[in-house]
Amino acid sequence: MWLKPEEILLKNAFKLWVTEKDNEYFVLQRRRGYGDGGGGLTGLLVGTLDTVLDSTSRVAPYRILHHTPDSQVYWSIACGVTKEEIGQHWEWLQQNIMRTLSVFDSTEDITSFVQGKIRGLIAEEGKSSMVLEEDPDKFRESLLRFEKWFELPAQEKLVTYYSCSYWRGKVPCQGWLYLSTNFLCFYSYLLGAEVKLIISWDEIWRLEKTSNVILTESIHVLAHGEDHYFSMLLHLNETFVIMEQLASYSIKRLFDKEAFQGEPALSDPLQVTKRGLEAHAKSEQFRSFFRLPKEENLLEVHESFLWVPFSHFNTLGKICLSENYLCFASQDGSQCHIIIPMREVVNVEKPDPSSRALTVCVRGKRALRFSEVRDYQRLANTLRSRCGISASPQHSASSEAIRGECQSLINHFEDNPEDVTLMVGQKNTSKAVSTEALMTVFHPQDVENLDPKMLKEKMKEQSWNIHFSEYGRGTSMFFTRKTRDLIVRGVPESLRGELWMLFSGAVNEMATNPGYYTELVEQSLGTSTLATDEIERDLHRSLPEHPAFQSDTGISALRRVLTAYAYRNPKIGYCQAMNILTSVLLLYAKEEEAFWLLVAVCERMLPDYFNRRIIGALVDQAVFEDLIRENLPQLVEHMTDLSFFSSVSLSWFLTLFISVLPIESAVNVVDCFFYDGIKAIVQLGLAVLDYNMEALIACSDDAEAVTILNRFFDSVTNKDSPLPPTVQQASASNNDKASHVCVDISELIREAYEKYGHFRSEEVESSRRRNKLYVIQTLEDTTKQNVIRVVSQEVRFTASQLDELYNLFKRQHFLSCYWTMRSPALLHHDPSLAYLEQYQLGFQQFSELFSLLEPWGFCAAKSTLSLWVFRLIDENQDGLINFKEFCCALDTLYGGSFTNKLKFLFKLHLPPAFDLPEDGVIRKSPERGRGKVDLQAYLKQWQNEILKKEETIKDLPRINQAQFIQFSKTLYNIFHGDPEEETLYRAVAHVTSLLLRMEEVGRRLQEPSSPPPEATKPVSATASAEASSTEEASSKPEASDASSSNNSQEGATEQSDEDWSFSFEQVLASLLNEPTIVSFFERHVHIHAKLGQARVAQLKLKAKK
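FYI, in our numbering the residues of the sequence shown are 4 to 1108.
Next up, the structure:
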């Protein structure tokens, strides 16, 4: 069968395969141990290994590889079980492909053509076969095995499964790999040895494909500091992609708290499927490549040819259709693609059956002809319906008239661009909003100026105008290699804003959201938040040397854009470096355009860059380090620790080199960024290091290396910049520039593209996914160490014990998020809070974990008593417990003195812990994370924490009758099951009786005259009866919790009649007279055993629930 073209490694596999046939571009190979000639000892070993594996793990014995004469890279394109099957594929290649390949001049074009053709064959086979993705019976059978072997909660969704080998040391275990929504599981049972592995996706540090001497290809998983290898997978790449998607889904859902709103396939973790994950990944790749809004999803893909008028030939590629866009990308190496918004389509002509072609007419009197489309008729109907175009003949005359009117309107608006606002129904822009780019206001171009720089600027404009005439202008322009060449040479000042909007895709978002920015400005005007305070602080630090930001015009525009974006996206709000980037955007784009450019950068082109943890920038720095190792080995040999480059390059990535280069040079970098994305920044970073290679190798320390790079950036100039000296950034003195050779930015960018432009954007994205897991886990580990350092000052637990407790606490938090998007921890997550508050537990999750860890087993999960404990330690009463509060409670129970333990139990039976709704409802935490922060409340809370003094036993209120009876029952629950249970029970009964008699005597002494005996007797009798009933009830622990709420209600009614109570000092003094009770509470309880048991039982407890 035909295979999706995948690059393979031959360096370790040459002994396993024998070449049967070959030619200039293809190789047919047979696996040793099959066919004629067993292949000696190697063939016998390979054949035996393939025989013992089950059918899903066996490697097909025949395969066909594609290669080119001047390349060492091989691509697998077909495999076969029999010689006849692979022979048919070989013959088809000889007859249909070999003749065509002779017309290509470039080996890259040959490989692209072969790959595109094979993918087309696979797509046709997939459409013609009506086989389901999974065999329902086999999947159901595997699901039963999955549930039986791993005992996970019933709601855990199995996504897919594969047969593979798991390596324990140097010994492989053949078994089954199960991939579910939250877990990676493996099971093997061979020769009486059972191997079971469960790893949650949020625990994985590394996930990558590897190759070594023993394993040709395998999947490497790093979790809990242990390496796990999975091999012998029939579809290794497919398995790896699914694992990557599940890991990414888990990271976004659990760490980033993303709810996947608007994505039904992923919004419910109980309904995630393999097909849904694949569709999501394809849509993400589709949006990223064509720079489309996040709402667009890839709906249809059609292979076709597109007539390219400027080259006068048909280029092979794929039509990609979403809700509002028709896109095309070539696959023959011409790097041609085009984006057609449905709003620009004016007609879809009747398809031509002979060539299976359809023609799409767009505004501007342009037409695009797609041919050899398999489902051309259906595609034409889909386009018509999405564009609102009628195809019926009786309406042809009217449609022609309408088209004529539309064309006249288009011509009118092209001649009068100021009327476009009325056409799209946009609200009148506020007078406060600037409608001109700041550069045109502060540096208008002098048309009569004919100095050499202005003449060169005019030549650039002329080159772009010629390009527009050939390739189109606006949203439906062809993007080709020539477009990139023009960008590398430099974009004219007058076209920069327009091209930034086009290349970033911001032009589409602005067109589909008319009036949105003006509304945001009006809504955000006058708001006071933490973000607005930070914005005000940084306004005058944004390009202060530029005249535009030395005036109120520029500062006000910058304030409006940043405030409007913080209001639009409170999850990001405002982050440092956004002011610098927005300043440059405002120089060349109108205010509303600058806003949409900022949206494109923050939300699509640089995801996760502008937040508290700048994860996106750290991930790209890890990618940068990988590329330094690959491309600059000399530098790596000299500087083994590449973390220096990460710290130095952080500002490069965050500000797109704007903060380190003069402004007239930095804008050229921004040009490339908007066309090629982060790939352009990485390329330039490598070129900078390469240019300074010798100086960096010779430097003795990091400070000297920083000085070298800073001097280099100061020496970078833009010799073609038409900006006057007052606008250009003077970052270095003339003496420094004279002593250092100047470098032209255009030459530097051109060198970056020539030397390091070979890697593709897909490779960068793949490296991003691979490094994101490690970066996030490293940040999580740092957060854990910070939390432990803070908490260790408050408790007596060791660092290793706190580490175990933190892992259990964090896992319990995640368990509340695994199977729902509505958990309290997710609903009330606030990324602006300190690291101590990032992971919190609601009552249900707390009670489950606390029941596993508390030392005496008195607090069953979800019991009323656990509710009181929860309310007692929830100091701010927001319905959530943080790690510090949790540890302080456990520390008291494990390491506190007898007095402190007793005080904890005593306070359980006092308000606010004891006075609770009997239905167990917890007050929800207030709305947080909305960008509105009460700074006064935070300062007041901080002051109270500083001034808070140690609570003494005299500060505790007295306990009334109902509370005291429940307190006694709690003591009985604690003692239940202890070897000295009877002795302890009698001691509690004795203390209870003693306290009641003391209270009765005290009441008599306080009364002026002794009441009649019949009046005092009921009090004593009632108290004694309550005490005895307490003892009887507590001897049956299972009835204790059930009756606690009723007792508290009865106690509340009796409290109105009986006004006696006890102080904590009285209770403490009485219990100190009972050595059995004192020794029980002072007995050391080993938390190590509890931690080990909780680690094993945590997931099982969730499964039982």
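For each residue, glycine too, the CB sits at the ideal point set by N, CA and C.
Computed from a predicted structure; not experimentally measured.
- Judged by their CB atoms, Val-794 and Leu-805 are nearer to each other than the 8 Å cut-off.
- Secondary structure at Lys-160: coil, using DSSP grouped into helix, strand and coil.
- A Cβ-Cβ contact shorter than 8 Å links Ser-251 with Arg-772.
- Annotation for Cys-702: Ala-708, Ile-711 place their beta carbon closer than 7 Å to its own, counting only its chain and skipping 5 residues before and after.
- Beta-bridge partners of Cys-167 (DSSP): Gly-178.
- The segment 680 to 687 makes no contact with the segment 513 to 527, as fewer than three CB pairs between them are under 8 Å.
- Judged by their CB atoms, Ser-183 and Glu-159 are nearer to each other than the 8 Å cut-off.
- For Ile-341, the enclosing beta strand (DSSP E) stretches over residues 340 to 344.
- The three-state reading of DSSP puts Asp-230 in strand, counting E and B together.
- Counting every other CB atom within 10 Å of its CB across the protein chains shown gives Phe-846 a total of 16 or more, marking it as buried.
- Around Cys-578, the same chain offers Phe-613 as residues with beta carbons nearer than 6 Å, after the five sequence neighbours per side are excluded.
- The three-state reading of DSSP puts Glu-594 in helix, counting H, G and I together.
- Within the same chain, Cβ atoms closer than 7 Å to the Cβ of His-283 are found at Glu-266, Ala-268, Leu-269, the five residues on either side in sequence being excluded.
- Segment contact: the segment 491 to 502 against the segment 278 to 292, fewer than three CB-CB distances shorter than 8 Å; contact not assigned.
- Under a 10 Å Cβ-count criterion, Gln-91 is classified as exposed, with fewer than 16 other Cβ atoms of the shown protein chains found around its own Cβ.
- Beta-bridge analysis with DSSP links Gly-36 to no other residue.
- Leu-1074 counts as buried, since no fewer than 16 other beta carbons sit within 10 angstroms of its beta carbon.
- Inter-residue distance for Ile-113 and Val-30 is about 15 Å (C-alpha atoms, whole angstroms).
- Arg-66 is the residue among Arg-66, Pro-8, Tyr-164 whose C-alpha sits nearest the C-alpha of Arg-35.
- DSSP places Cys-82 within a strand segment (E or B) once states are collapsed to three.
- If you draw a straight line from the Cα of Thr-318 to the Cα of Leu-329, it is about 17 Å long.
- The beta carbon of Glu-352 sits closer than 6 Å to those of Thr-362, all from its chain and outside the five residues before and after it, given in chain order.
- For the set Gly-680, Leu-868, Phe-849, the Cα lying nearest the Cα of Phe-889 is the one of Phe-849.
- Between Pro-573 and Glu-144, the alpha-carbon positions lie close to 46 Å from each other.
- In chain order, Ser-307, Phe-308, Arg-359 place their CB closer than 6 Å to the CB of Glu-375, counting only its own chain and leaving out the 5 sequence neighbours on each side.
- When DSSP assignments are scanned along the segment 849 to 907, the uninterrupted stretches of alpha helix (DSSP H) that are 4 or more residues long and fall wholly within it turn out to be 867 to 876, 886 to 898.
- Look at Ala-63 here: in three-state DSSP terms it is coil, with no helix or strand label.
- For a cut-off of 8 Å, the C-beta gap from Cys-364 to Asn-350 is around 4 Å, short enough to register as a contact.
- Residue pairing by DSSP places Leu-210 opposite Val-224 in a beta bridge.
- Contact between Lys-775 and Val-622 holds, with the beta-carbon distance rounding to 5 Å and staying under 8 Å.
- Going by DSSP, Thr-781 is part of the alpha helix (DSSP H) stretching over 764 to 795.
- Taking a C-beta distance under 8 Å as the contact criterion, Lys-7 and Arg-122 qualify as a contact pair.
- In this structure, Asn-582 keeps its C-beta atom at 8 Å or more from the C-beta atom of Leu-528.
- Under DSSP, Asp-747 takes part in a beta bridge, and its partners are Thr-720.
- In the DSSP assignment, Ala-698 forms no beta bridge with any residue.
- The three-state secondary structure of Val-685, taken from DSSP, is helix.
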